[in-house]
Amino acid sequence: GHFAILATGCDNLTIEGVTIDTNRDGMDLDCCRNTIVSNCRVNSPTDDGICPKSTLALGEPRITENLTSVNCQVSGFVEGTLLDGTMKPSGRGLGRIKFGTESSGGFRNCTVANCTFRSCRGLALEEVDGGILENITVNNLSMMDVPDYAIYLTTGKRNRSPGVTQPSRMKNILISNIIADGVGKMSGIQICGLPE
Numbered sequence: 048g049h050f051a052i053l054a055t056g057c058d059n060l061t062i063e064g065v066t067i068d069t070n071r072d073g074m075d076l077d078c079c080r081n082t083i084v085s086n087c088r089v090n091s092p093t094d095d096g097i098c099p100k101s102t103l104a105l106g107e108p109r110i111t112e113n114l115t116s117v118n119c120q121v122s123g124f125v126e127g128t129l130l131d132g133t134m135k136p137s138g139r140g141l142g143r144i145k146f147g148t149e150s151s152g153g154f155r156n157c158t159v160a161n162c163t164f165r166s167c168r169g170l171a172l173e174e175v176d177g178g179i180l181e182n183i184t185v186n187n188l189s190m191m192d193v194p195d196y197a198i199y200l201t202t203g204k205r206n207r208s209p210g211v212t213q214p215s216r217m218k219n220i221l222i223s224n225i226i227a228d229g230v231g232k233m234s235g236i237q238i239c240g241l242p243e
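Numbering (the numbering used here), first residue to last: 48 to 243.
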């Protein structure tokens, strides 16, 4: 497999009840608006499970906004073992829900709720290409056997977009009701910013 779903520039997109078992990203939702992802199971041991992005694929920075992801399961089992029911841990454990890393336009008005994470990394919010990540609500996540980064928030200066004039920024982020078990002791929660 490769990226199972690569949706670019879609408006009013609904992905409901899909099961994905791949060795790359499960879902890339790039520059999409008004998107609902619900009741999906995504296994991706070597890449990300559900991955909103905001690239320059449309020729300009376009924000990904009004995204809701609810009642989903992400995992990092050995490829194929979600589908066959054996669910063997891969040891690599990516498979998470990650906003970014591609983030030229940014992310606005997004909700992640009532999701489970198994044998994979946790939630990542990454704004590193000069955009903004704002008005994000995360609620009721359950994580088991998370090798690294149950919660990871970062702004950075990768700046893939040409002509970036302001730093990457985050604001209005609410994260609540997270249960994480089996998290690597060196990296439970990481929040990284920029000096400016």
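Virtual Cβ for every residue (Gly too), placed ideally from N, Cα, C.
Bridge partner(s) assigned by DSSP for residue i
| i | result |
| --- | --- |
| R80 | D58 and E112 |
| Q237 | Y199 |
| D75 | L53 and C98 |
| E63 | S85 |
| N90 | D68 and S122 |
| G153 | I179 |
| L172 | F146 and L200 |
| A104 | None, per the DSSP bridge assignment. |
| S223 | N186 |
| V117 | S85 and A160 |
Inter-residue spacing [alpha-carbon to alpha-carbon] between residue i and residue j
| i | j | result |
| --- | --- | --- |
| T82 | V230 | 30 angstroms |
| N186 | T201 | 19 angstroms |
| M134 | D192 | 13 angstroms |
| N118 | G169 | 15 angstroms |
| M190 | G147 | 20 angstroms |
| T102 | D228 | 33 angstroms |
| C239 | D131 | 39 angstroms |
| P99 | G235 | 22 angstroms |
| A160 | S116 | 6 angstroms |
| P194 | V175 | 23 angstroms |
| G127 | H49 | 13 angstroms |
| M74 | R88 | 11 angstroms |
| T93 | L241 | 28 angstroms |
| V84 | Y199 | 21 angstroms |
| S129 | T184 | Correcting the residue type first, residue 129 is Leu in the shown sequence and not Ser. One C-alpha to the other measures close to 28 angstroms. |
| P214 | E173 | 13 angstroms |
| N95 | G123 | In the sequence on display, residue 95 carries Asp and not Asn. Approximately 9 angstroms between the Cα atoms of the pair. |
| S150 | V121 | 21 angstroms |
| K232 | N219 | 28 angstroms |
| L141 | A104 | 24 angstroms |
| I225 | C167 | 15 angstroms |
| Q237 | N70 | 26 angstroms |
| R109 | R207 | 14 angstroms |
| A171 | C57 | 22 angstroms |
| P136 | G106 | 39 angstroms |
Cutoff 8 angstroms: residue i Cβ touching any chain C Cβ
| i | result |
| --- | --- |
| T163 | Structure shown: chain C not included; a single protein chain is present. |
Selection from the options that minimises the alpha carbon distance to residue i
| i | options | result |
| --- | --- | --- |
| I52 | V65, K204 and T163 | V65 |
| S91 | L105, F164 and C157 | F164 |
| C79 | P209, L188, G235 and G152 | G152 |
| I222 | L188, T55 and T69 | L188 |
| N156 | T128, I179 and S122 | I179 |
| T111 | D77, L141 and S137 | D77 |
| L60 | K145, N113 and V121 | N113 |
| N86 | E174, P242 and E63 | E63 |
| R216 | C167, D75, R205 and F124 | R205 |
| T212 | I226, Y196 and E243 | E243 |
| R139 | V125, S150, L129 and K145 | V125 |
| G210 | N182, G177, M233 and I144 | G177 |
| I144 | D72, S208, G56 and N182 | D72 |
| E181 | Y196, F154, I67 and A197 | F154 |
Inside the stretch 120–146 only - beta strand (DSSP E) runs reaching at least 3 residues: Complete beta strand (DSSP E) runs here, min 3: 120–122 and 144–146.
Suppose only complete runs of 4+ residues qualify. What are the alpha helix (DSSP H) ranges in the stretch 175–220, listed by chain order? Segments of the alpha helix (DSSP H) lying fully in the stretch 175–220: there are none.
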